[in-house]
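Down below is the structure, laid out as structure tokens.
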Amino acid sequence: MISTFLGIETALRALMAQRKATETAGHNIANANTPGFSRQRVELAASQDPYTVPSLLRPELPGQLGTGVDILGIERVRDQFLDLQVRNEASSLGYWEVRRDSLQKVEVIFNEPGDNGLNNVLTAFWNAWQELSKNPESLAIRSEVRQRGITLAETVQHLYSQLGQLQEDLNFNVGVTVEQINTIAEQLADLNQQIARSVAVGDNPNDLRDRRDLLIDELAKMVEITVTEQSNGMVDVAIGGRNLVQGTAVDSLQAVANPLNNNFYEVQWSSDGSPVNFNNGSLAGMIWARDTGVADVMSQLDELAATLISEVNAVHRAGYGLDGSTGNDFFAGAGAADIEVAAGILADLNTIAAASDPAKLPGDGSNALALAQLKDALTMPPASPSGTFGDYYRSLVATVGINTEQAVRMAENEEILTN
């Protein structure tokens with residue numbers, strides 16, 4: 151005969167199960183705004199120890215009369231496939247966000263179109279020579295030419311310096327990000343140990359897993375990773391096929407100055423100094439922006455400055471100043487980093503070579519006209535429909551704008567996919 155306490159036991163199990171479900175619901179509500187928290191639910195199943203009603207011809211066998219409900223455990227409501235997809239997209243989001251932010255800063259540096267942008271400064275320089283060709287004896291116009299040259303040189307130097315500072319900032323952030331990756335790796339190894347201990351005694355450490363997943367998500371935005379869970383509850387985290395975290399062990403990264411690349415950081419494995427292979431994440435975006443995005447713009451600006459120095463000086467050296475001097479450079483320096491008006495021009499306005507024929511001094515302005523005509527000369531590589539200084543610079547600015555638009559669009563798309 152079945153004990154009269156069976157009904158009480160069945161009711162008790164039901165009460166215990168519902169109590170646990172209520173406690174879990176309260177835990178969910180309390181952590182509704184906790185970053186990384188996963189909603190939890192109680193897994194219930196019919197009791198696995200039912201009874202039969204025995205008789206003379208029916209022995210006592212399991213499976214006939216239920217005895218209530220069992221609590222199988224408390225599980226997180228989380229989709230591992232979605233985790234994988236979100237982490238992959240998070241790496242792309244981190245990459246494109248850095249590209250977008252860096253290129254937008256380049257646009258701000260150039261300030262085009264703008265009254266103080268290089269395009270207007272360059273135009274004003276050519277116009278000053280045009281005016282001097284009409285009145286080569288005027289010291290006021292000569293002073294204007296010199297000042298326009300000073301402004302042009304200072305503008306180019308300032309742009310180049312700001313771009314260089316942006317490179318330095320990106321390089322600094324590479325080092326900071328490497329330190330952050332190492333810190334997260336140490337935290338993951340520690341959580342692995344705690345989780346494995348809990349799993350070993352039959353517990354299901356959901357909140358610890360949430361903390362670990364939150365760190366993994368943060369890491370995924372910095373660098374592209376592969377996550378593999380072990381049977382003991384630990385996870386291995388790999389970058390480029392090599393484990394950053396393996397159980398409780400960490401193979402950390404290091405940022406090492408590369409003398410072949412302006413002493414900018416390259417990312418290596420600390421254990422053997424080999425390069426870390428990665429193509430996505432904010433760290434990859436920083437390195438692209440530093441070594442390609444900003445570096446290419448600086449290279450083109452430097453080429454513009456070097457050609458400007460060379461072409462202006464070649465024409466200026468062939469002309470004659472009011473004092474009859476010839477062979478004088480108008481600009482000094484080799485490129486964007488050090489372009490400046492030559493010391494002789496700064497010291498004496500009479501050395502500005504506006505004339506082509508010393509016999510026609512002081513009224514000859516033909517050399518000044520030749521300098522003004524450099525505005526339309528095809529002196530630059532054909533990066534645009536014509537190779538003038540202005541078109542080359544405008545093509546450079548337009549390319550930055552196009553690349554920025556692409557980065558903005560890609561970042562927006564990735565943000566949609568990760569939300």
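Under the numbering used here, the first residue of the sequence shown carries the number 151, and numbering increases by one thereafter. Just so it is clear, CB atoms sit at the ideal spot from N, CA and C, and this is done for glycine as well. Since this is a predicted model, take the numbers as computed values, not measurements.
Gln610 versus Ile179, Asn500, Gly218 and Pro185, residue with shortest Cα-Cα distance: The chain is shown from 151 up to 569; residue 610 falls before or after that span and cannot be answered.
In this structure, what does DSSP give as the bridge partners for Trp419? Leu403
Nearest-angstrom Cβ-Cβ length linking Ala339 and Thr398, presumed shorter than 8 angstroms: 5 angstroms
Spell out a yes or no on whether the region 445 to 457 and the region 346 to 364 are touching, meaning 3 or more CB-CB pairs, one atom from each, closer than 8 angstroms. no
Please classify Arg392: does DSSP put it in a helix, a strand, or coil? strand
Is Val306 near Ala455, with beta carbons less than 9 angstroms apart? yes
Who are the near neighbours of Glu262 in its chain, counting only those whose CB is closer than 7 angstroms to its CB and skipping five residues on each side? Asn269 and Val547
Mark Ala176 as exposed unless 16 or more other C-beta atoms lie within 10 angstroms of its C-beta, in which case mark it buried. Here the sequence assigns Gly to residue 176, which means Ala is not the residue at that position. The residue is exposed, with fewer than 16 neighbouring Cβ atoms inside 10 Å.
Does the region 494 to 509 come close enough to the region 306 to 321 to have 3 or more Cβ pairs within less than 8 angstroms? no
Please state the DSSP three-state secondary structure of Val373. coil
Please confirm if the region 233 to 243 is in contact with the region 547 to 556, defined as three or more CB-CB distances below 8 angstroms between the two stretches. no
Touching by the beta-carbon criterion (3+ pairs, under 8 angstroms), the region 421 to 430 and the region 390 to 408: The region 421 to 430 vs the region 390 to 408: in contact.
Any idea which residues DSSP pairs Tyr470 with across the strands? Thr476 and Ala505
Using CA atoms only, rank isn't needed, just tell me which of Asn382, Arg296, Gly485 and Leu521 is closest to Leu341. Asn382
For Val462, the residue or residues it bridges with in DSSP: Its beta-bridge partners do not exist; DSSP assigns none.
Nearest-angstrom beta carbon gap, Ala492 and Ala482 [assumed within contact, 8 angstroms]: 5 angstroms
For Thr172, name the three-state secondary structure that DSSP assigns. helix
Using the C-alpha atoms, what's the distance from Leu232 back to Ala335? 22 angstroms
Nearest by alpha-carbon distance to Glu374: which of Arg362, Val400 and Leu433 is it? Leu433
Buried or exposed: where does Gln583 fall if 16 or more other Cβ atoms within 10 Å of its Cβ makes it buried? Limits of the chain in this structure are 151 at one end and 569 at the other, which puts residue 583 out of reach.
Decide if the region 468 to 483 is in contact with the region 556 to 566; the criterion is three or more beta carbon pairs, one per stretch, under 8 angstroms apart. no
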